[in-house]
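Working notes, beginning with the structure itself.
Chains as they are written, first to last, in the numbering used here: chain A, 510 to 768; chain B, 510 to 768.
Encoded structure:
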C-alpha cells in the first residue's frame with residue numbers, strides 16, 4: 510500500500526486513507542481511489558469496507574478529514590469501530606461575489622460544509638476581513654478580474670455565487686464564470702432582475718446552452734426569509750445538483766421567492 | 510410607541526423593533542407585531558416599511574436580531590439605509606437525541622440558523638459538552654424523560670431530531686414527542702429501520718394521523734454523503750415544511766438515501 514500512497518501523492522491524485530483507530534484490527538487501512546473506483550487493503554470485512562469507502566468518498570469530495578464510527582460490519586450509528594478518514598485533495602472552493610447582507614450567512618454555512626471561501630466585492634469599504642471573519646480570503650476587486658485570475662483552478666466540485674444584484678458587476682461576473690469549468694453558478698435576484706439579466710446576457714452573445722448552466726434565481730425554493738435560510742437554500746441546491754436529485758429550484762418554480 | 514412597547518414586554522408577546530441606524534431618518538422606528546399583523550411607526554416610506562417588516566418577521570421567527578441594508582425605498586442589496594432589527598422573542602429550540610457522528614454537524618448548522626440547541630443521549634460517555642462545544646446544553650438522560658420535562662415549552666417553531674437509530678431509545682422518544690406541540694419531528698434511519706419503527710409505533714397505539722407528523726427518514730432527499738450535507742438536508746426540510754413549499758422529502762421518495 511505504501512508504494513501506491515507515494516505514487517498517488519507524487520501525482521497529486523485525490524484519494525482517501527481510512528485507518529481503524531479503535532476496535533478490532535486497530536491500525537488496519539483501506540485506500541480509496543475515486544478516479545480508479547478501486548479499494549486497496551481492508552478494515553476487516555467487506556461490508557465494513559463498503560460503508561467506510563462510501564463515507565470516505567463523501568469526505569474526499571468535500572475535502573474533509575474526520576473520525577467516523579461503525580458497528581463491526583459497518584452498521585451506522587454503532588460505536589464498535591472508530592476510523593479516521595484522511596482526505597488527500599484540495600478542499601472545494603466557493604467564490605462569493607458581493608459583500609452584502611446574505612454573504613456572511615453563506616460564508617458560515619459554506620465553512621461548515623468544508624469549502625475554502627473567497628468573498629469578493631469591488632467596493633473596498635465593504636470587502637473587509639472584519640465583516641467576514643470566517644472567510645478564507647476577502648478580495649476588493651471586480652468579480653470578472655478575480656475569475657480571470659483564479660478561474661483555471663475551478664472544477665466541478667467548486668461553486669460561484671453571485672450576490673451582487675447589480676448588472677454592472679454581475680453580467681461581467683457571469684460571462685467570466687461561464688468560461689470556467691466550475692460546477693455551480695448561482696445568481697441572486699428577484700424574478701424580474703433575473704429576466705432583465707437574461708436579456709443582457711443574450712445581448713452579450715451568451716448561448717441558450719450556456720444559460721442552462723446558471724442557477725438563477727439562486728437556490729432551492731424553500732421560501733427562505735432570513736439570510737441564513739437563504740444560505741441553506743443555496744447549499745441545498747449545490748448538493749442536490751451534484752447528486753442529481755430532483756428538486757424544487759427557484760429557477761424552475763414561479764411565485765414569490767420569500768416565504 | 511413606547512406605550513405599546515412596554516405593554517408587549519409586560520405581556521411577553523413577541524415583536525420586532527426596527528430602527529434606522531444610518532441614512533435618512535436616523536432613529537426612525539417601526540414596530541412589527543406578528544400576532545396582530547400590525548405595524549406602528551414608520552422608517553420613512555411605505556415601501557421601505559413593507560420590506561423591513563417582512564425581514565423583521567423572518568428574524569423574529571428565527572429569534573435573531575441583526576443589521577440589514579436597503580435602498581431608500583427598501584431595495585435589496587443597496588446600502589443607503591442601515592437598520593437594526595431587534596427581536597423580542599425566545600429563540601426557537603432544537604432538541605437533538607443521539608450523540609452520534611451526525612449530531613455535531615447538525616448542531617453547527619442549527620446554531621447558524623439561530624436555534625437554542627440541546628443534545629441528549631442516555632450514554633454518559635458520549636453526551637459531553639466537549640464533544641458538542643457549540644450546543645447550548647448537553648444532557649445525559651433518556652430522550653423521553655427530557656421531553657417529559659421540557660415538552661410543555663415546545664411549539665410550532667421548534668424542532669425535535671431523533672438520530673439515535675435504536676428502537677430502544679427512539680420509540681419512546683417519538684411517543685413523547687407526539688404529546689407535544691413541536692412543529693417538526695424528524696427521525697433518522699434507513700428505509701428498513703423506518704418500516705420496522707412504524708410497526709412498533711402502531712403496536713404502541715400511535716394513530717395513522719399521528720404518524721403523518723413524523724418526518725422519517727429524516728430530511729430532504731439531497732443524496733447527502735457527509736454528516737454536514739445530512740444536516741443541510743434536515744434544516745432544508747424544516748424550513749420548507751414551515752413555509753409550506755413543495756419538496757422532495759426522503760419520507761416521500763424511494764431509493765437510496767445517500768448519493
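A virtual CB, placed ideally from N, CA and C, is assigned to each residue, including glycine.
Predicted model, so just to flag it, every value in this text is computed and none were measured.
Buried or exposed by the 16-neighbour rule on C-beta atoms within 10 Å, applied to residue i
i, result
"residue 665 (chain A)", "exposed"
"residue 756 (chain B)", "buried"
"residue 653 (chain B)", "buried"
"residue 661 (chain A)", "exposed"
"residue 712 (chain A)", "exposed"
"residue 761 (chain B)", "exposed"
"residue 634 (chain A)", "exposed"
Short Cβ contact (8 Å threshold) for residue i with residue j
i, j, result
"residue 592 (chain A)", "residue 529 (chain A)", "yes"
"residue 650 (chain A)", "residue 626 (chain A)", "no"
"residue 573 (chain A)", "residue 623 (chain A)", "yes"
"residue 691 (chain A)", "residue 663 (chain A)", "yes"
"residue 558 (chain B)", "residue 566 (chain B)", "no"
"residue 670 (chain B)", "residue 594 (chain B)", "no"
"residue 747 (chain A)", "residue 668 (chain A)", "yes"
CB contact below 8 Å: residue i versus chain B
i, result
"residue 733 (chain A)", "yes"
"residue 570 (chain A)", "yes"
"residue 585 (chain A)", "yes"
"residue 639 (chain A)", "no"
"residue 749 (chain A)", "yes"
"residue 603 (chain A)", "no"
"residue 582 (chain A)", "no"
"residue 621 (chain A)", "yes"
"residue 563 (chain A)", "yes"
"residue 528 (chain A)", "no"
"residue 654 (chain A)", "no"
8 Å Cβ cutoff, residue i in contact with chain C
i, result
"residue 745 (chain A)", "No chain C is present in this structure, whose protein chains are A and B."
Spatial neighbours of residue i in its chain, beta-carbon cut-off 7 Å, leaving aside the 5 residues before and after
i, result
"residue 549 (chain A)", "510, 513, 540"
"residue 524 (chain A)", "517, 540, 541, 542, 597"
"residue 620 (chain A)", "626, 643"
"residue 702 (chain B)", "674"
Cβ of residue i within 8 Å of any chain A Cβ
i, result
"residue 609 (chain B)", "yes"
"residue 741 (chain B)", "yes"
"residue 523 (chain B)", "no"
"residue 729 (chain B)", "yes"
"residue 577 (chain B)", "yes"
"residue 760 (chain B)", "no"
"residue 484 (chain B)", "Nothing can be reported for residue 484 (chain B): it is not among the residues displayed for chain B, which extend from 510 to 768."
"residue 660 (chain B)", "no"
"residue 726 (chain B)", "no"
"residue 567 (chain B)", "yes"
Between the CA atoms of residue j and residue i - distance to the nearest angstrom
i, j, result
"residue 685 (chain A)", "residue 656 (chain A)", "6 Å"
"residue 763 (chain A)", "residue 535 (chain B)", "37 Å"
"residue 589 (chain A)", "residue 716 (chain B)", "36 Å"
"residue 584 (chain B)", "residue 735 (chain A)", "16 Å"
"residue 754 (chain B)", "residue 739 (chain A)", "14 Å"
"residue 603 (chain A)", "residue 741 (chain B)", "17 Å"
"residue 728 (chain A)", "residue 616 (chain B)", "22 Å"
"residue 526 (chain B)", "residue 554 (chain B)", "16 Å"
"residue 676 (chain A)", "residue 706 (chain A)", "7 Å"
"residue 802 (chain A)", "residue 678 (chain A)", "Residue 802 (chain A) is absent from the structure shown; chain A starts at 510 and stops at 768."
"residue 575 (chain A)", "residue 737 (chain B)", "12 Å"
"residue 556 (chain B)", "residue 582 (chain B)", "6 Å"
"residue 629 (chain B)", "residue 532 (chain B)", "46 Å"
6 Å Cβ shell around residue i - same chain, five flanking residues per side excluded
i, result
"residue 600 (chain B)", "572, 623, 625"
"residue 578 (chain B)", "588, 591"
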